Every structure is written in structure tokens, then in C-alpha cells.
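The sequence shown begins at 1 in UniProt numbering and counts up by one. Idealized CB from N, CA, C, for every residue including glycine. All figures in this text were calculated on a predicted structure; none of them were measured in a lab. In what follows, a single structure is set out as C-alpha cells and then discussed.
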Amino acid sequence: MVSAMIAYPSVVGTARLQPSCGYARLRRMTVHGSGLCLHSFAHQVQGWRGMAMAVLLDTAALPRQDRAEAFYAAMMSASVPSRVEHEDPSGNVHARMDFWLLGTPDLFRNEGSGIRLVRTPKHVRIGGPERLALAVQVIGEGQFSQAGHDQRVRTGELMLVDLTAAYEFGWSGHSASQAFQIDYRDLGLSVEAVRAAAHRLPASPLYELVLHHLTALPGILAAIKGTTSAEMVGAATTQLVRALLTSVADHDAPAPADVLFTRILWYARRHLSDPELSAARIAAEHNISVRYLYKLFAEHQLSLEQWLITRRLAHATRQLTDPASRHRPIASIAAAWGFLDAGHFTRRFRAAHGMTPQEWRRMH
1 MVSAMIAYPS VVGTARLQPS CGYARLRRMT VHGSGLCLHS FAHQVQGWRG MAMAVLLDTA
61 ALPRQDRAEA FYAAMMSASV PSRVEHEDPS GNVHARMDFW LLGTPDLFRN EGSGIRLVRT
121 PKHVRIGGPE RLALAVQVIG EGQFSQAGHD QRVRTGELML VDLTAAYEFG WSGHSASQAF
181 QIDYRDLGLS VEAVRAAAHR LPASPLYELV LHHLTALPGI LAAIKGTTSA EMVGAATTQL
241 VRALLTSVAD HDAPAPADVL FTRILWYARR HLSDPELSAA RIAAEHNISV RYLYKLFAEH
301 QLSLEQWLIT RRLAHATRQL TDPASRHRPI ASIAAAWGFL DAGHFTRRFR AAHGMTPQEW
361 RRMH
């Protein structure tokens, strides 16, 4: 990557940030030399107490040569000081940034071409709000590094960022991430407690609940547009994030192997319908050997093969009697849950239920 911006707050010669009418934390962004005002095409929604949504940036409305500077200005208005590097600054930089103000917290979504955000110790000394961000990768795969911990953030995974400290985050190609940003004082947890919980999130029983909630937030906010519920959604989400963090911060840290095993189970559940899911693939995704993968399952008195078959059968069994799937061929349902061989599916089904899938469907 080539750095497309010098470090914030070098606003002279890059982007001038001024207060914007109606939004305390949103800024009017004017790109020097072009005369373009991002605020003029950001589709700010009226009546912000009900929805608090704005399109901070849509590079489709900007000349190509102005996009990197506009991106920097928009990013700095929505988050903390950092350096922005574009994967291909001379090429097709493109992005769209959406912002929802939810009382004190906010939701920020960025989708676009490859970038890297670098928050250095110098940026930390410059200052910024004492906040954290819980982000979900919604498209593509991100790379995150903070406090000596590196994380590959796959689509549908959470990432906790302590915005009071240095970090790096980025992606290659077209990707997207959305972050729920909260003040520490509203969260009611110390910086130390949050940092202690950051790497244990997958071990929390609330992980998938919070993941699904954050992923669905834009749709939820669209559904309540025009009401006064946005701040309540922000407060409820804050409490949900707090519960996630305390569920792993209040206890002794689980052993690394336990955290890894939890992540493996979560990954396998998400890919049950993929017939290509195998021990080799699961091991590769988690940077371990197949032998060690089997060892982890054995330590929990489980067989990987049997665990996959049992869960796939459970999903297929439910779908067989689902009214919405009554006219769907049994072989099609079996294939949708990884059983490409209909005969193999029937044998496994009979062993589990004492009857064939056809008999089960007729009885239910």
C-alpha cells in the first residue's frame, strides 16, 4: 500500500473540518483545490433525533483525483485520528460511508476499495474521545493488529478496537465493515477490563447474539425511521456490548486451546451447508494441523466427523417437515446440508431416527 494521506491533524492542504448544522460529531468537509463540499452531496436525513443517519461520503459523486482526500476527511469526522493508506491511491479509490447517530453512541459503516488505517502512538498523544468500537466485517476479510495481537477478521466475525490506543486495520480489494462506537463512560467498564476481554470474545455465549444484532442494525434503524427510537436502540446496543464484554472479562481467561476450540465450533456451524467443509479446511482456516484439530475434539470427548453429521442431520430433519419445504425433493434438502450422496444421507438418517427420510416426512 502507498500512503495517500499525511498524518492527522494535518488539515491544511488536505481537508478542512468545520462544524455541521444539526450534528455535533459530523463535520462539513471541503476539499481544497477542487471547491467540492462533501456536505453538499451527503444525503443528511432531516429530523436527526428520529433516525440520525447521513451518507458521509459517496465517491461516485466526486472526481477521481479528489477521492483520497475526501475519504480522509470523512474518516476523520467519523472516528479517531489516524493515517489513511489506500491500496491503489492512483487507481479507482471508491467508498461509501454511512453514519447513524444513536444518542451518545453511533454506528459507522464503510464500504469500498482496499485501505489501511494506522493509528500511531503520536495520534494517541494528539488525543481523541475515550471510546471503543465493536465492529463486524460484513464484506471481505480484514486484518487487525493491536497491542501485539494480530487478527484475521473474516466476513461475519467481530473485532474489538480500543480507540484510546494505537492499532492498524485494513483490507484488500472491495470490502466493508461496520462499527458500533461507544464512550467508555457510557459502557461503564474500565479500559483495562475491555482490553482484557478483547481477545476472548469468541468464548462468550453472547458472541453470536451480538454479532447478529450488529449485522442487522442498519436494517433495524431503517425500520424505525421517523420514530424517536434511535437513542433507545443505541442504549440497548450499549448494554448488549457491555454484557458481551463482562461475560468474558469477569472470569479467569480461558485456556488458549478452549478459545480456539470455541472458534472452530463457531466456524463449523457457519459452514455446515458447505459440502466442501472438511478437517483439512477447518485446520487450514485456523492455522493448525489436522492432527491437532482431531486432538482438540478428542479432548472434548467428540469426534469431528460425528459432530458434523449430527448437526447436519438435525438441520435437514427440521427442513424436511418445514411447511415452506414440503414440496422440495429430499435429495435437494440433503445436498443443501452437505449430503451430496442421497444413499449416504438415507443410511445416516435411518441410523439416527430408525426410519427413512420419506417415512419421517409422512409421519410429520
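Around the beta carbon of residue 276, fewer than 16 other beta carbons sit within 10 angstroms, so the residue counts as exposed. According to the DSSP assignment, residue 170 belongs to the beta strand (DSSP E) that extends over 167 to 171.
When the beta-carbon positions are compared, residue 214 and residue 180 come within less than 8 Å of each other. The C-beta separation of residue 128 from residue 163 comes to about 7 Å, placing the pair in contact by the 8 Å criterion.
Residue burial annotation: residue 110 is buried, with at least 16 other C-beta atoms found within 10 angstroms of its C-beta. For residue 306, the enclosing alpha helix (DSSP H) begins and ends at 304 to 320.
Taking the C-beta atoms as reference points, residue 97 is found nearer than 8 Å to residue 57. When C-beta atoms of the segment 315 to 329 are compared with those of the segment 288 to 298, fewer than three pairs fall below 8 Å, so the two segments do not count as touching.
Counting only runs of 3+ residues, the beta strand (DSSP E) found wholly inside the segment 61 to 113 occupies 83 to 86, 95 to 101, 106 to 112, in chain order. Non-local beta-carbon contacts of residue 312 in its own chain, meaning distances under 6 Å to residues more than five positions away in sequence, involve 272, 337, 338 in chain order.
Under the DSSP assignment, residue 240 falls outside any beta strand (DSSP E), being part of the alpha helix (DSSP H) whose first and last residues are 230 to 249. Annotated as proximal: residue 137 and residue 154, with beta-carbon spacing under 8 Å.
Its chain contains 264, 267, 268, 293, 304 as the residues whose beta carbon lies nearer than 8 Å to that of residue 282, once the 5 sequence neighbours on both sides are disregarded; these appear in chain order. Residue pairing by DSSP places residue 142 opposite 153, 171 in a beta bridge. Cβ-Cβ distances below 7 Å link residue 172 to 87, 114 in the same chain, with the five nearest sequence neighbours on each side left out; the list follows chain order. Exposure of residue 228 is indicated by the presence of fewer than 16 other C-beta atoms within 10 angstroms of its C-beta. Taking each of 123, 350, 68, 235 in turn and checking the Cα distance to residue 94, the smallest one comes out for 68. C-alpha of residue 70 to C-alpha of residue 196: approximately 36 Å in a straight line. In the DSSP assignment, residue 116 falls outside any alpha helix (DSSP H) and within the unbroken beta strand (DSSP E) covering 115 to 119. With 16 or more neighbouring CB atoms inside 10 Å of its own CB, residue 178 falls in the buried class. The three-state reading of DSSP puts residue 335 in helix, counting H, G and I together.
If the five residues before and after residue 204 are omitted, its C-beta is found closer than 7 Å to the C-beta atoms of 244, 247, 248, all from its own chain and listed in chain order. Residue environment for residue 190: exposed (fewer than 16 other C-beta atoms within 10 angstroms of its C-beta). Residue 157 places its beta carbon 8 Å or farther from that of residue 118.
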